[in-house]
Amino acid sequence: MITKKTINAIDLYIADFSLATQKLLQQVRATIRKAALDAEDKIGYGIPTFVLHGNLVYFAGYKHHIGFYPGANGIATFSKEMSAYKQSKDAVRFPLEKAMPLITKINKYRVKQNLEKEKQKKLRTCPKGLPYYKSSDCLTCPICESQRKPRTGFLSALSAIRVLESKKIKTLKQLSKFSEAEILQLYGIGPSAIPKLRNALKNESLPFKK
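Residue numbers are given in numbering that gives the first Met the number 0: position 8 of the sequence shown equals residue 7, and the series is strictly consecutive.
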């Protein structure tokens, strides 16, 4: 039942049809929604439209059929399976008196297609030619980052690795040119790091600068 609280543009569109057609249109709408939970719905080009990273599918009511519009690629992919129904380049007609198969299958295909397109928009190539997907959690190439960080040695044990590297301290010999007091003055280096550094230097017969 349509109420003032729940009414939207698609409800108004469907309300213009006979009760029997309204029921079919609501079934199509619910089927699409179930297969694309994250999609938004609206009226586009004058007919109900589902959107998920771009237009997903459209549907429309007519006197003798329901029009389903999954785009040219959607029609081409499922053309043989819908051979019993009248088709155009980007639409299929389902007669009112017959079941409307494949809507769920086609819609899931279109969801997958749009998600893949959206993912490709985030594809980047780092200076080394390595592909990676940029996101809020991954702003730089993760492969380059893992190669940049030493896996062994004194720096690998420190959480303040970037602090030392910013001062061009990447080896124990470079570290030995600084005093303990100078290292402690670096923002991000705490007192607990000094014993680790001191032991690392000692193992190489190197001291902190006095």
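C-beta atoms are modelled at their ideal positions from N, C-alpha and C, and glycine is treated no differently.
Cβ atoms of residue 105 and residue 77 come within 8 Å of each other, at about 6 Å. By the criterion of a C-beta distance shorter than 8 Å, residue 162 is surrounded in its chain by 185, 186, 187 and 188, once the five residues flanking it on both sides are discounted. If only uninterrupted beta strand (DSSP E) runs of at least 3 residues are considered, those enclosed by the segment 25-60 are 39-43, 46-50 and 54-60. Counting other Cβ atoms within 10 Å of its Cβ, residue 192 reaches 16 or more and is therefore classed as buried. In the structure shown, residue 122 falls within a strand segment according to DSSP collapsed to helix, strand and coil. Sorting 46, 33 and 16 by C-alpha distance to the C-alpha of residue 8 places 46 at the top.
If the five residues before and after residue 15 are omitted, its C-beta is found closer than 7 Å to no C-beta atom of its own chain. Note that the segment 114-128 does not touch the segment 89-97; fewer than 3 beta-carbon pairs, one per stretch, sit closer than 8 Å. Considering only 128, 37, 62 and 178, the residue with the shortest C-alpha distance to residue 54 is 37.
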